[in-house]
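Encoded as structure tokens, the structure appears first; notes follow it.
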Amino acid sequence: MLQSKLFTKTKREAPKDEMSKNAELLTRGGFVYKEMAGVYSYLPLGYRVLTKINNIIREGMDAIGGQELFLSALQDKNLWEQTNRWSDDIVDIWFKTKLKNNSEAGLGFTHEEPLTRIMKDHISSYKDLPIFVYQIQTKFRNEIRARSGLIRGREFLMKDLYSFCKDKKEQEKFYEKAKNAYTKIFERLGLGDKTYITFASGGSFSKYSHEFQTEMPDGEDEIYLCSGCKKVAVNKDIWEGQKKCPECGNSSYTEKKSVEVGNIFNLGTKFSESIGLFYKDKNGEQRPVVMGSYGIGPGRVMGTIVETFCDEKGIIWPESVAPFSVHLLIIGDDKKTKENANNLYKELEKKGIEVLYDERDVSAGQKFADSDLIGIPNRVVVSEKTVKENKFEFKKRNEDKSVLLDRDELFKKLR
RNA sequence: CGGGAUGUGGUGUAACGGCUAACAUUCCUGUUUUGGGAACAGGCGAUUCCGGGUUCGAAUCCCGGCAUCCCGACCA
Numbered sequence: 015m016l017q018s019k020l021f022t023k024t025k026r027e028a029p030k031d032e033m034s035k036n037a038e039l040l041t042r043g044g045f046v047y048k049e050m051a052g053v054y055s056y057l058p059l060g061y062r063v064l065t066k067i068n069n070i071i072r073e074g075m076d077a078i079g080g081q082e083l084f085l086s087a088l089q090d091k092n093l094w095e096q097t098n099r100w101s102d103d104i105v106d107i108w109f110k111t112k113l114k115n116n117s118e119a120g121l122g123f124t125h126e127e128p129l130t131r132i133m134k135d136h137i138s139s140y141k142d143l144p145i146f147v148y149q150i151q152t153k154f155r156n157e158i159r160a161r162s163g164l165i166r167g168r169e170f171l172m173k174d175l176y177s178f179c180k181d182k183k184e185q186e187k188f189y190e191k192a193k194n195a196y197t198k199i200f201e202r203l204g205l206g207d208k209t210y211i212t213f214a215s216g217g218s219f220s221k222y223s224h225e226f227q228t229e230m231p232d233g234e235d236e237i238y239l240c241s242g243c244k245k246v247a248v249n250k251d252i253w254e255g256q257k258k259c260p261e262c263g264n265s266s267y268t269e270k271k272s273v274e275v276g277n278i279f280n281l282g283t284k285f286s287e288s289i290g291l292f293y294k295d296k297n298g299e300q301r302p303v304v305m306g307s308y309g310i311g312p313g314r315v316m317g318t319i320v321e322t323f324c325d326e327k328g329i330i331w332p333e334s335v336a337p338f339s340v341h342l343l344i345i346g347d348d349k350k351t352k353e354n355a356n357n358l359y360k361e362l363e364k365k366g367i368e369v370l371y372d373e374r375d376v377s378a379g380q381k382f383a384d385s386d387l388i389g390i391p392n393r394v395v396v397s398e399k400t401v402k403e404n405k406f407e408f409k410k411r412n413e414d415k416s417v418l419l420d421r422d423e424l425f426k427k428l429r
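Note that the numbering used here has the first sequence beginning at 15, numbered continuously upward.
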């Protein structure tokens with residue numbers, strides 16, 4: 015893509031109402047636009063990143079048998095009354111609205127209820143189970159306080175997968191699979207080194223659950239990270255209960271600030287029983303379906319990645335989610351340099367390498383500053399100097415020094 | 001929901017109750033430039049969040065509303 019065609023512009027300074035690092039850098043770089051507190055729109059650069067995050071999650075879910083669907087955001091009051099989750103006294107984050115006929119509808123903050131009801135149409139026998147379905151969809155939560163940019167919003171994206179199983183054993187088997195899939199997903203997203211499986215108290219309706227917590231200095235959660243295996247953390251309550259790591263038995267820990275990027279829950283039969291999702295087993299006996307739910311917030315992940323990978327100049331995207339793979343900068347405008355840069359651009363595009371080509375008529379300094387801010391992982395500079403030496407200047411965003419490479423060496427790096 | 005703070009061109013800031021609301025940046029025109037947000041000249045852009053009030057006079061003081069951020073409690 016030609017950068018002169020990109021409609022977003024970078025900002026020298028962040029708006030003063032953005033204090034968090036993620037919102038500051040994403041706003042300055044032109045990735046997002048704040049509509050109101052806790053509500054962000056994704057602009058082209060941001061949407062490219064978001065799409066990559068979504069696709070990594072998608073591949074992870076498909077790999078464990080997930081079938082993607084897309085549920086409605088508007089929710090039926092009567093359905094939610096069946097599980098006692100319509101009342102504002104029970105769920106205080108509903109966005110509700112009156113319909114023209116004076117009935118009420120809500121905007122979904124999660125989707126156990128509607129999906130369970132849908133499944134009543136499709137599950138009747140043990141032969142139908144297990145089923146795993148997921149969606150990447152907008153959720154609405156009327157939070158008392160939105161904060162930290164993309165980390166806690168009132169409207170946000172969520173990948174939510176739901177499992178429907180015959181019994182506890184089948185459910186727990188899938189639960190383990192999902193846990194492993196999540197681990198892989200966060201590795202692919204570049205957050206593997208700083209994301210810990212965390213034992214949580216379990217919420218209101220499940221016996222046990224796990225959170226995926228990413229270490230982040232400005233995070234709103236606190237975890238106790240096991241000093242032994244360094245892979246597992248627990249929340250305070252559990253720790254005080256057993257005083258040792260549930261995985262390796264070690265009893266020392268370090269306290270870390272963190273952000274919850276994913277979670278997995280065993281739901282049991284709470285929803286299937288209250289909504290009436292039953293199946294017939296081999297003996298013809300009626301049994302409730304055993305369920306689980308598994309969430310990841312792609313927008314929150316994006317914010318977390320920015321907070322994790324940045325420096326004083328801007329964002330440093332991991333390759334896997336970067337809006338483009340290569341940022342090509344042309345410095346100078348003589349004929350040879352232009353020819354050289356244009357040819358490289360065409361060749362990169364031809365090879366299917368995602369490249370943002372900064373051919374704008376602006377100063378070299380501004381190109382470098384913008385490049386650092388936007389944070390594309392590979393930077394290639396073409397200038398009079400590089401043309402003279404028949405080379406290209408290559409630099410990774412996360413490294414300090416650039417190197418001069420000839421064409422073949424360059425393409426090896428960019429493959 | 002408790003506490004604190006703040007609202008001034010697109011963005012960041014300034015302005016004692018008193019001159020046509022100032023500066024920087026963005027943007028436009030031209031010239032000159034091109035290795036770290038270039039230089040010079042000229043220009044566009046504001047109902048100072050909204051509504052009341054006090055005053056000869058309000059961006060500035062008072063009241064009400066709205067919005068935003070931060071801390072806490074809560075929460076993916």
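Cβ atoms here follow ideal geometry from the backbone N, Cα and C, with glycine treated the same way.
- Exposure of H136 is indicated by the presence of fewer than 16 other C-beta atoms within 10 angstroms of its C-beta.
- The segment 127-147 makes contact with the segment 184-193: 3 or more CB pairs, one atom from each, lie closer than 8 Å.
- Per DSSP, S177 is not a residue of any alpha helix (DSSP H); the beta strand (DSSP E) it occupies stretches across E169 to C179.
- Annotated three-state conformation of I319 is helix, per DSSP.
- In the DSSP assignment, A195 falls within the alpha helix (DSSP H) that extends over K182 to R202.
- The Cβ neighbour count for A192, taken over all protein chains shown within 10 Å, is at least 16; the residue is labelled buried.
- Around the beta carbon of N404, fewer than 16 other beta carbons lie within 10 angstroms, which makes this residue exposed.
- Measuring C-alpha to C-alpha distances from K349 to each of E269, R374 and V401 identifies V401 as the nearest.
- Annotation for K91: W100 and E118 place their beta carbon closer than 6 Å to its own, counting only its chain and skipping 5 residues before and after.
- For N156, the closest alpha carbon among the candidates D106, R72, I165 and M305 is that of D106.
- In terms of CA proximity to K257, L239 leads the group K352, L239 and D375.
- Nearest C-alpha to Q380 among K245, I344 and M230: I344.
- If you compare the alpha carbons of K182, D235 and K114 with that of F279, the shortest gap goes to K182.
- Taking 4 residues as the minimum length, the alpha helix (DSSP H) runs contained wholly in the segment 306-374 are 312-322 and 349-364, in order along the chain.
- Nearest C-alpha to G306 among F109, T130 and F45: T130.
- With fewer than three CB-CB distances shorter than 8 Å, the segment 355-364 does not count as touching the segment 64-81.
- About 6 Å separates the beta carbon of G44 from that of K23, a gap short enough to meet the 8 Å contact definition.
- Taken in chain order, the unbroken stretches of beta strand (DSSP E) that lie wholly in the segment 228-261 and span 3 residues or more are 235-240 and 246-248.
- A contact between stretches requires three or more CB pairs, one per stretch, nearer than 8 Å, and the segment 405-420 meets this requirement with the segment 382-397.
- Taking a contact as a CB-CB distance under 8 Å, the pair I329 and L281 does not count as one, their CB atoms being some 37 Å apart.
- By the Cβ criterion, the segment 315-335 is in contact with the segment 196-205, since at least three pairs of Cβ atoms, one from each stretch, lie closer than 8 Å.
- For the beta strand (DSSP E) assignment, the uninterrupted runs of no fewer than 3 residues enclosed by the segment 274-300 are, from N- to C-terminal side, 292-294.
- The alpha carbon of V315 has as its nearest neighbour, out of E274, P260 and A160, the alpha carbon of E274.
- As a beta-bridge residue in DSSP terms, Q81 pairs with V147.
- A direct Cα-to-Cα measurement between G317 and S266 gives close to 30 Å.
- In this structure, DSSP gives S138 a state outside helix and strand, which the three-state scheme calls coil.
- Shortest Cα-Cα distance from S397 to any of S223, E27 and T351 involves T351.
- About 11 Å separates the CB atoms of T212 and E229; that is not less than 8 Å, and the two are not in contact.
- By the criterion of a C-beta distance shorter than 7 Å, P231 is surrounded in its chain by K271, once the five residues flanking it on both sides are discounted.
- Straight through space, the alpha carbons of T111 and K245 are spaced by roughly 44 Å.
- Within the same chain, Cβ atoms closer than 6 Å to the Cβ of S162 are found at S34, the five residues on either side in sequence being excluded.
- In this structure, F154 keeps its C-beta atom at 8 Å or more from the C-beta atom of F84.
- Under the three-state reduction of DSSP output, M75 falls in the helix class.
- DSSP lists H224 and V248 as the beta-bridge partner residues of F213.
- Unbroken alpha helix (DSSP H) runs of no fewer than 4 residues, entirely contained in the segment 28-69, are found at 35-42, following chain order.
- In this model, A37 and I310 are separated by some 19 Å (Cα to Cα).
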